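Numbers -23 to -1, 1 to 625, taken from mature numbering (1 follows the signal peptide of the UniProt record, and there is no 0), label the letters of the sequence shown in order. Let me begin by presenting the structure, written as structure tokens, before commenting on it.
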Amino acid sequence: MLKPGALFLALVLGFVWVDVGRAQTVTVSATASHPIPSTMWGQMFEDISHSGDGGLYAELLQNRAFQMVTPGTAAALAGWNAIGANITVIADRAPVSSALPNSLQLNIPAGNANGLGFANTGLSGIQVISHTNYKASFYYRFQTASKFRGTFSITLQDGVGTVLDVQKVSVSGTQTTWKQVKVTLNTNITPGSSANMFAITVNGNSVAGEQINFAMLSLFPPTFKNRENGMRADIAQALADMKPSFFRLPGGNNLEGQAIASRWQWNNTVGPLVDRPGRLGDWSYINTDGLGLMEYLNWCEDLGMEAIMAVWAGYAVTGISLPEDQLPPYIQQAIDQINFVIGDPAKSEAAAMRASLGHPKPFPLKYVEVGNEDFFAATTYVYRWHDFVTALQAEFPDLHFIATSDVGSPTLTPKPTEYDVHVYQTPTWFAQNSFFYDTFARDGTHYFEGEYAAISTNPNNIFGSTAQGRLTFPTMQSAAGEAAFMTGLERNSDIVFAASYAPLLGHVTNNQWTPNLLAFDAGSVYKSTSYFVQQLFSVNRGDEYLPSTLPDQAGTVFWSVVRNTPSKEIIIKISNTASTATTLTFILPFKSVSSKGSLQLLTGTAASSNTPTNPNLLAPVTSSVITGQTFNYTAPAVSVSVLTIKAS
């Protein structure tokens, strides 16, 4: 993710935004120019705007393990509220694990002390649905041994404290070592909002004055495909519905760390949750790392995606580069990370760890990205790329390593065979640059359009505020501009092997970046116009590109034509970015062409968006259209169309 205020150095072609306003004839070739990579359309992920913790990762509690907080401060209690008692976060003298040194201490005051405890309100709420199992767990221990006998009442409550379900667990004051409690909560009530709570209260004789410590508290709803420690089902399903072919992980800026010590480290994200220390992420909030490398890989497996995995490459997002002589241990960490994914358990400790977690077979992996956006540290990337890639190629000669500097600058050795290109711009820029890759040399270098999005209508201040043109949600105009650019990516798929919109996810209110492909809150997922464009391109794939009459580079209507060989279908994708409809005449030189095809059409006014208050304003509509060897199609103003036609 580009840092706000950064300038993206890209080739901006000097085209004029013109409405051609006349019928155009598009003659399609029956002979394919090149195969289309199976990785063409996918997803880029990093934990920004709570897209991981509080988003795709299904954990419902906020600040569940008091990671990376300062004990004794109010900030350490984020998400937690006392119920008639006193609570504080302490540096536990006997923590639940070395990775989680802090715990929540409950101090029961004197007097009538039954029903006292604490509650968690989640990240902007907890969605509760009737007849749904919620798995709760936590560790507890008494600070000192006592004669107390009683119960914990573990509850789901609505916003006014009405108990939706309760499970009671017997406890004893003799429990001075950590003990885990697991219960399942279920209710026959669906509250009217997500302003609900998870609470634990204590009941029993002589409870006054007790001190009880709690650690690693958790609440999980049913997850996607019922994965343990898995993904939030509704968000995951929306992502699965895109039918992506790859998943870029774990970022993004969030790979790099605000400092060397706070970088993303794969080995801190695997194994039992109590052994994951978490970290201060690069987007200003704590990452629990519950969504770790194994969870990413399982997610890829569940959706049939390839992982495009990044390794940390000696640079922190604040501009710190490691000196060359300090790189070796970090290179070894990258080797171990890759071995965790594809290594032989008999030869690699990292691979043996993967096997111990239930996956003895290696995961598929072809592409490894070395760093992220290293055009910000191009000078040091010369030696960092050289040292990392030389070592990694020696260990993994079958992998492809993706460079993240500007294309061709600086000169890198070994010469990169793949580059990751990022661009955030206006809808107009994307349409005007649909021919961006047409002039690139066919010299064996391939390109990953790893981050792109139309984020502003103001070309003079792309990363400015909403008052300065920044989009809060994708619009029909921005989606049509992106679609125009994507027709160019598809046309150039002989050298562009993958592309992904970014960011993928963003909380509606707890965010650091807009717009996002999918917005969400505690209870809902909001599909944007850009989401539907990505879905239309991904679901309607071809395996061969068919050359056709080229669009006018200075025009407002753009198209690409592909063939799905197994289904014997021709798929035509059209973006009309103009404010008026445009008629196209297609000539298909095939012996047999169906007289009827299907149309998937996304259209609306230029500034219209799907928002939390109007989430279903725009969506693709499917209908049939008259086709044949020669046929006309009128693309509505500001629209994205996909025509699918049987032809052989």
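Note that CB positions come from ideal geometry on N, CA and C, so glycine has one too. These figures come from a predicted structure and were not determined experimentally.
Quiz prompt | Distance between beta carbons of Gly228 and Asn349, contact taken as under 8 Å | solution = Reading the sequence shown from its first residue, position 372 is the one you call residue 349. Reading the sequence shown from its first residue, position 251 is the one you call residue 228. The Cβ separation is near 6 Å, so the contact holds.
Quiz item: How about Met21 and Ala479: are their beta carbons less than 9 Å apart?
Solution: Walking along the sequence shown from the start, residue 21 turns up at place 44. Walking along the sequence shown from the start, residue 479 turns up at place 502. Yes, the Cβ-Cβ distance between Met21 and Ala479 is below 9 Å.
Practice problem: State buried or exposed for Ala62, treating a residue as buried only when at least 16 other CB atoms are found within 10 Å of its CB. | Solution: Translated into the one-based positions of the sequence shown, residue 62 becomes position 85. Counting Cβ neighbours within 10 Å, Ala62 comes out buried, since at least 16 surround it.
Practice problem: Return yes when the Cβ of Tyr344 is within less than 9 Å of the Cβ of Leu376, no when it is not. | Solution: Counted from its first residue, the sequence shown places residue 376 at position 399. Counted from its first residue, the sequence shown places residue 344 at position 367. Yes.
Quiz item: Looking at the structure shown, is Asn410 part of a helix, part of a strand, or coil, going by DSSP?
Solution: Taking the sequence shown and counting its residues from 1, the one referred to as residue 410 is at position 433. DSSP places Asn410 in coil when its eight states are reduced to three.
Practice problem: With a cut-off of 8 Å on the beta carbons, I'd call Leu304 and Gly291 a contact; round off their distance for me. | Solution: Here residue 304 refers to the residue found at position 327 when the sequence shown is read from its first residue. Here residue 291 refers to the residue found at position 314 when the sequence shown is read from its first residue. Contact holds; Cβ gap of about 6 Å.
Quiz item: Would you say Ile472 and Thr533 are within 9 Å of each other, going by their C-beta atoms?
Solution: On the sequence shown, position 495 is the one that residue 472 refers to. On the sequence shown, position 556 is the one that residue 533 refers to. No, these two residues do not count as a Cβ contact at 9 Å.
Quiz item: Apart from the five residues on each side of it in sequence, which residues of its chain come closer than 6 Å, Cβ to Cβ, to Gly(-3)?
Solution: By 1-based counting over the sequence shown, the position of residue -3 is 21. Unreliable placement is indicated for Gly(-3), whose pLDDT of 43 sits below 50; no coordinate value is reported for it.
Quiz prompt | Beta-ladder partner(s) of Gly99, from DSSP | solution = On the sequence shown, position 122 is the one that residue 99 refers to. Looking at the DSSP assignment, Gly99 forms a beta bridge with Gly102.
Quiz item: Anyone know if the C-beta pair for Leu318 and Phe340 falls short of 9 Å?
Solution: Residue numbering aside, residue 318 sits at position 341 when the sequence shown is read from its first letter. Residue numbering aside, residue 340 sits at position 363 when the sequence shown is read from its first letter. Strictly speaking, residue 318 in this sequence is Val, with Leu absent from that position. Yes; because the gap between Cβ atoms is below 9 Å, this pair is in contact.
Exercise. State buried or exposed for Val(-8), treating a residue as buried only when at least 16 other CB atoms are found within 10 Å of its CB.
Key: Taking the first residue of the sequence shown as 1, we reach residue -8 at position 16. For Val(-8), the pLDDT reaches just 26, beneath the cut-off of 50, and the residue's location in the model is therefore unreliable, leaving the point undetermined.
Quiz item: Expressed to the nearest angstrom, what Euclidean distance is found between the alpha-carbon atoms of Tyr503 and Thr4?
Solution: Position 526 of the sequence shown, counting from 1, holds the residue named residue 503. Position 27 of the sequence shown, counting from 1, holds the residue named residue 4. About 38 Å.
Quiz prompt | residue 634 in three-state terms, based on DSSP | solution = Since the first and last residues shown for the chain are -23 and 625, residue 634 lies out of range.
Quiz item: Asn230 and Glu272 look like a contact to me (Cβ under 8 Å); what is the Cβ gap, rounded to whole Å?
Solution: In the sequence shown, residue 230 corresponds to position 253, counting from 1. In the sequence shown, residue 272 corresponds to position 295, counting from 1. About 20 Å; that fails the 8 Å criterion.
Practice problem: Please go through the same chain and pick out, in chain order, the residues whose beta-carbon is closer than 8 Å to the beta-carbon of Ala408, but skip the five residues on each side of it. | Solution: For this step, residue 408 is matched to residue 431 along the sequence shown. Cβ within range, chain order: Trp(-7), Ala457, Gly458, Ala461, Phe462, Thr533, Phe535, Ser552, Thr554.
Quiz item: Which of helix, strand or coil does DSSP assign to Tyr262?
Solution: What you label residue 262 is simply residue 285 of the sequence shown in a count that begins at 1. Residue state, collapsed to three classes: coil.
Quiz item: Rounded to a whole number of angstroms, what is the C-alpha to C-alpha distance between Gln511 and Gly269?
Solution: To locate residue 511, count along the sequence shown from 1; it is residue 534. To locate residue 269, count along the sequence shown from 1; it is residue 292. Between Gln511 and Gly269, the C-alpha separation is close to 26 Å.
Quiz item: If you drop the 5 nearest sequence neighbours on each side, which residues of the same chain put their C-beta closer than 7 Å to that of Gln235?
Solution: Taking the first residue of the sequence shown as position 1, residue 235 is located at position 258. Excluding positions up to five away in sequence, the list reads Leu257, Asp259, Ala293, Val294, Thr295.
Practice problem: Give the DSSP-derived three-state secondary structure of Gly181 in the structure shown. | Solution: Counting from one through the sequence shown, the residue named residue 181 turns up at place 204. Strand at Gly181.
Quiz item: Near Trp432, what residues of its chain come up, given a Cβ to Cβ distance below 7 Å and the 5 sequence neighbours on each side ignored?
Solution: Your numbering for residue 432 matches position 455 in the sequence shown. It is worth fixing the name first, because residue 432 is Ile in this sequence and not Trp. So the list reads Tyr401, Ile439, Arg447, Leu448, Pro492, once near-sequence residues are dropped.
Quiz item: Is Val(-6) helix, strand or coil when you go by DSSP?
Solution: What you label residue -6 is simply residue 18 of the sequence shown in a count that begins at 1. Model confidence at Val(-6) stands at a pLDDT of 31, short of 50, so the residue's coordinates are unreliable; what they give is reported in the following sentence. In this structure, Val(-6) counts as coil in the three-state DSSP scheme.
Quiz prompt | For Ser572, the nearest candidate out of Lys545, Trp490, Leu523, Ala624 (CA to CA) | solution = Numbered from its first residue, the sequence shown carries residue 572 at position 595. If we check each option's Cα against that of Ser572, Ala624 comes out closest.
Practice problem: Report yes if the CB atom of Val160 is closer than 9 Å to the CB atom of Ile189, and no otherwise. | Solution: Here residue 160 refers to the residue found at position 183 of the sequence shown. Here residue 189 refers to the residue found at position 212 of the sequence shown. Contact: no.
Quiz item: What did DSSP end up calling Ser149 once you bin it into helix, strand or coil?
Solution: Position 172 of the sequence shown, counting from 1, holds the residue named residue 149. Residue state, collapsed to three classes: strand.
Self-check item: Alpha carbon of Phe175 to alpha carbon of Val384, nearest angstrom
Solution: Translated into positions along the sequence shown, residue 175 becomes position 198. Translated into positions along the sequence shown, residue 384 becomes position 407. Each residue's alpha carbon lies about 50 Å from the other.
Self-check item: Straight-line Cα distance separating Trp241 from residue 653
Solution: In this structure the chain extends from -23 to 625, so residue 653 is not present and cannot be described.
Self-check item: Contact between the region 151 to 160 and the region 215 to 224 (3+ Cβ pairs under 8 Å)
Solution: no
Practice problem: Please list, in chain order, all residues of the same chain as Val140 whose beta carbon is under 7 Å from its beta carbon, the five residues on each side excluded. | Solution: By 1-based counting over the sequence shown, the position of residue 140 is 163. If we look at Val140 and ignore the five residues flanking it on each side, its Cβ neighbours are Thr132, Gln134.
Quiz item: Taking C-alpha atoms, which residue in Glu395, Val143, Tyr262 lies nearest to Ala113?
Solution: Residue mapping note: residue 113 aligns to position 136 of the sequence shown, counting from 1. That would be Val143, whose Cα lies nearest to the Cα of Ala113.
Quiz item: Is the beta carbon of Leu513 less than 9 Å from the beta carbon of Val619?
Solution: Stepping through the sequence shown from its first residue, residue 513 is reached at position 536. Stepping through the sequence shown from its first residue, residue 619 is reached at position 642. Against a cut-off of 9 Å, the Cβ pair of Val619 and Leu513 comes out as a contact.
Quiz item: In three-state DSSP terms, what is Thr533?
Solution: Taking the sequence shown and counting its residues from 1, the one referred to as residue 533 is at position 556. If DSSP states are grouped into helix, strand and coil, Thr533 belongs with coil.
Quiz item: Excluding the five sequence neighbours on either side, which residues of its own chain have a C-beta within less than 6 Å of the C-beta of Phe115, listed in chain order?
Solution: Along the sequence shown, read from residue 1 onward, the residue named residue 115 stands at position 138. Contacts found: Val158, Phe191, Leu194.
Quiz item: Helix or strand or just coil, what does DSSP make of Lys623?
Solution: Taking the sequence shown and counting its residues from 1, one reaches residue 623 at position 646. Three-state DSSP puts Lys623 in a strand.
Practice problem: Helix, strand or coil for Trp362, going by three-state DSSP, please let me know. | Solution: Numbered from its first residue, the sequence shown carries residue 362 at position 385. Three-state DSSP puts Trp362 in a helix.
Practice problem: Leaving aside the five residues before and after Pro168 along the sequence, list all residues of the same chain whose C-beta is less than 6 Å from its C-beta, in chain order. | Solution: Working through the sequence shown from its first residue, we reach residue 168 at position 191. The answer, listed in chain order, is Val105, Asp135.
Quiz item: From Gly335 to Pro322, what does the alpha carbon distance come to, in whole angstroms?
Solution: Within the sequence shown, the letter at position 358 stands for residue 335. Within the sequence shown, the letter at position 345 stands for residue 322. When rounded, the distance between both Cα atoms is 12 Å.
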